[in-house]
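Here the protein sequences line up with chains Y and V, keeping their order.
Going from the first sequence to our numbering is simple: count from 1 and add 85.
Going from the second sequence to our numbering is simple: count from 1 and add 85.
Notes to accompany the following structure.
Number of protein chains: 2
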Amino acid sequence: MVVLYSLSYGAARPGDLRRQIGGISQKVLTGTLRRLEHNGLVERQRYAEAPPRVEYSLTTAGKDLLVPIRALGDWAEVYADRLPTESKP
Amino acid sequence: MVVLYSLSYGAARPGDLRRQIGGISQKVLTGTLRRLEHNGLVERQRYAEAPPRVEYSLTTAGKDLLVPIRALGDWAEVYADRLPTESKP
């Protein structure tokens, strides 16, 4: 979800995403981007430059998924500190 | 999520929920209701009748969580059959 949210600011290179997100390894980020791409939520753009440049951006499905993600974020902002945190009763 | 969504129709007894949801065991339903209650999303009402009656209903936090849940449902309705189903690339 955080990778999708970061891409809501526009196309970004993996390095940009790592800086924006912070605390995510290259391996986890690459795996996440690949899964999001496979699931049709993100698309990859290769630029034939030297060195080659790769950018990721949200597909329409990815952009539309931001609606429930933002709604969940709004809910969490209201209730995060009002509800018990540890999940096991 | 499906238990929360079922309670969006109003307070219900465990038996009602099992019929509405279908295919959920009493054990799983009870565990889910207990966790939702512990997390402040559902509240339990006991009626001192013979036999005793128990009803579950959504708290305000639970009702508000329906907003992102419904938004996710709307997204899934649009994209469910357009995107690849199996998750592993």
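Beta carbons: idealized from backbone N, C-alpha and C, even for Gly.
Bridge partner(s) assigned by DSSP for V:L118
DSSP lists no partner for V:L118.
Within the chosen definition, does the region 108 to 128 of chain V reach the region 112 to 120 of chain Y through at least 3 CB pairs nearer than 8 Å?
no
Using a threshold of 9 Å, state whether the C-beta atoms of V:P99 and V:Y141 are closer than that.
Yes.
Chain-order list of residues whose beta-carbon lies under 8 Å from that of Y:S91 (same chain, five-residue window excluded)
Result list for Y:S91: A97, L102, Q105, I106, in chain order.
Short CB-CB distance (under 9 Å) between V:R113 and chain Y:
The sequence shown places Val at residue 113 of chain V, rather than the Arg named in the question. So, not an interface residue.
Can you list, in chain order, the residues of its chain with a C-beta nearer than 6 Å to that of V:R138? Leave out the 5 residues immediately preceding and following it.
So the qualifying residues of the chain are Y132.
Thinking C-alpha only, which one of Y:D159, Y:D166, Y:A161, Y:V127 is nearest Y:S93?
Closest by alpha carbon: Y:V127.
Using CA coordinates, which residue listed in Y:R129, Y:L168, Y:L157, Y:P153 is at the minimum distance from Y:T144?
Considering only alpha carbons, the answer is Y:R129.
7 Å CB neighbourhood of V:K148 in its chain, flanking five on each side removed:
none
Can you find the residues in the same chain that come closer than 6 Å, C-beta to C-beta, to V:V88, ignoring five residues on each side of it along the sequence?
T117
Alpha-carbon to alpha-carbon, Y:A135 and V:A156:
43 Å
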